[in-house]
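Engineer: Just dropping this structure here.
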Amino acid sequence: MDASETVKKIRFTLNGRPVSATVESHVDLVDLLRRFDLGGARESCGQGLCGCCTVVVDGVAMSGCLTLAQLVDGKRVDTIEGLDQTGALSPVQQAFIDEGAFQCGFCTPGFVLMTHQLLERNPDPSEPEIRDYLAGNLCRCAAYPEIIRAVKSAASRMRASAAA
Numbered sequence: 001m002d003a004s005e006t007v008k009k010i011r012f013t014l015n016g017r018p019v020s021a022t023v024e025s026h027v028d029l030v031d032l033l034r035r036f037d038l039g040g041a042r043e044s045c046g047q048g049l050c051g052c053c054t055v056v057v058d059g060v061a062m063s064g065c066l067t068l069a070q071l072v073d074g075k076r077v078d079t080i081e082g083l084d085q086t087g088a089l090s091p092v093q094q095a096f097i098d099e100g101a102f103q104c105g106f107c108t109p110g111f112v113l114m115t116h117q118l119l120e121r122n123p124d125p126s127e128p129e130i131r132d133y134l135a136g137n138l139c140r141c142a143a144y145p146e147i148i149r150a151v152k153s154a155a156s157r158m159r160a161s162a163a164a
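At position 8 of the sequence shown the residue is numbered 8 (full-length UniProt numbering), and the sequence of numbers has no breaks.
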């Protein structure tokens, strides 16, 4: 196989901006995001089991450590850094702060992105639905009670805002 088969120029939308990059076939999305100075998606387990590397590609949350960078060509990629488009924290981010839903913070970006996606699909989830939806995200510090409270708080804030 020659170099032209393993290196590809890709174009995609990253947090609302069109970008391009030249990537080798083995580079994963987490590594590509680092080239753009985005460190919110973090590789932890390297097997797609912990949720620390969560990114949203064309509206679907996925493990950045398992997604080859070349596969996002022509797609929209959203990261935790993209939530702050207006200069203000999102209701989910604010709820995580208010409820102390983190300790070390390593897993927090993945939980926040998954919570955003959950609340887009279900604005009033029950606790079992929250636990089920976030089951693919692991917190080694065990901030789970606070995370559940943060999701409920964010859901309540977002429903109140939508009703206003």
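Note that CB positions come from ideal geometry on N, CA and C, so glycine has one too.
Quick caveat, the model's predicted, so the values are computed rather than measured.
I'd like the span of the alpha helix (DSSP H) that includes V30, first residue to last.
Structural biologist: That run of the alpha helix (DSSP H) goes L29 to R35.
Engineer: Ordered along the chain, which non-local residues of its own chain (more than five positions away) have a Cβ less than 8 Å from that of A143?
Structural biologist: G100, A101, F102 and Q103
Engineer: Are there 16 or more other CB atoms within 10 angstroms of the CB of S84, so buried, or fewer, so exposed?
Structural biologist: Note that residue 84 is Asp in the sequence shown, not Ser. It is exposed - the Cβ of D84 has fewer than 16 other Cβ atoms within 10 Å.
Engineer: By a C-beta neighbour count over all protein chains shown, 10 Å radius and 16 as the cutoff for buried, is C45 buried or exposed?
Structural biologist: exposed
Engineer: Need the endpoints of the alpha helix (DSSP H) that E146 sits in, please.
Structural biologist: For E146, the uninterrupted alpha helix (DSSP H) segment begins and ends at Y144 to A163.
Engineer: Any chance the region 63–71 sits against the region 86–95, with 3 or more Cβ pairs inside 8 Å?
Structural biologist: no
Engineer: Report all residues from its chain with a CB closer than 8 Å to the CB of D73; omit the five preceding and five following residues, and keep chain order.
Structural biologist: K8, I10, R11 and F12
Engineer: Kindly give me the distance between the Cβ atoms of M114 and G40, rounded to whole angstroms, as I take these residues to be in contact under 8 Å.
Structural biologist: That belief does not hold up - the Cβ atoms of M114 and G40 are roughly 13 Å apart, past 8 Å.
Engineer: Could you give the first and the last residue of the continuous alpha helix (DSSP H) run that contains V60?
Structural biologist: Segment V60 to S63 is the beta strand (DSSP E) holding V60; no alpha helix (DSSP H) there.
Engineer: Report the residue from K152, P145, L119 and T6 whose alpha carbon sits nearest the alpha carbon of L71.
Structural biologist: T6
Engineer: Around the C-beta of A164, are 16 or more other C-beta atoms found within 10 angstroms, so that it is buried, or is it exposed?
Structural biologist: Under this definition A164 is an exposed residue.
Engineer: Express the C-alpha separation of R42 and N122 in angstroms, rounding to a whole number.
Structural biologist: Spanning the two alpha carbons is a distance of roughly 26 Å.
Engineer: In whole angstroms, give me the CA-to-CA distance for R149 and T108.
Structural biologist: 14 Å
Engineer: Could you tell me which residues DSSP puts in a beta bridge with S20?
Structural biologist: Among the bridge pairs identified by DSSP, S20 is matched with R11.
Engineer: Could you tell me whether the Cβ atoms of L118 and V77 are closer together than 7 Å?
Structural biologist: no
Engineer: Spatial neighbours of G136 within its chain, please: C-beta separation below 6 Å, excluding the five flanking residues on both sides.
Structural biologist: G51
Engineer: Quick one, which of G59, A155 and L49 has its alpha-carbon nearest G16's?
Structural biologist: Of the listed residues, the one whose Cα sits closest to G16 is G59.
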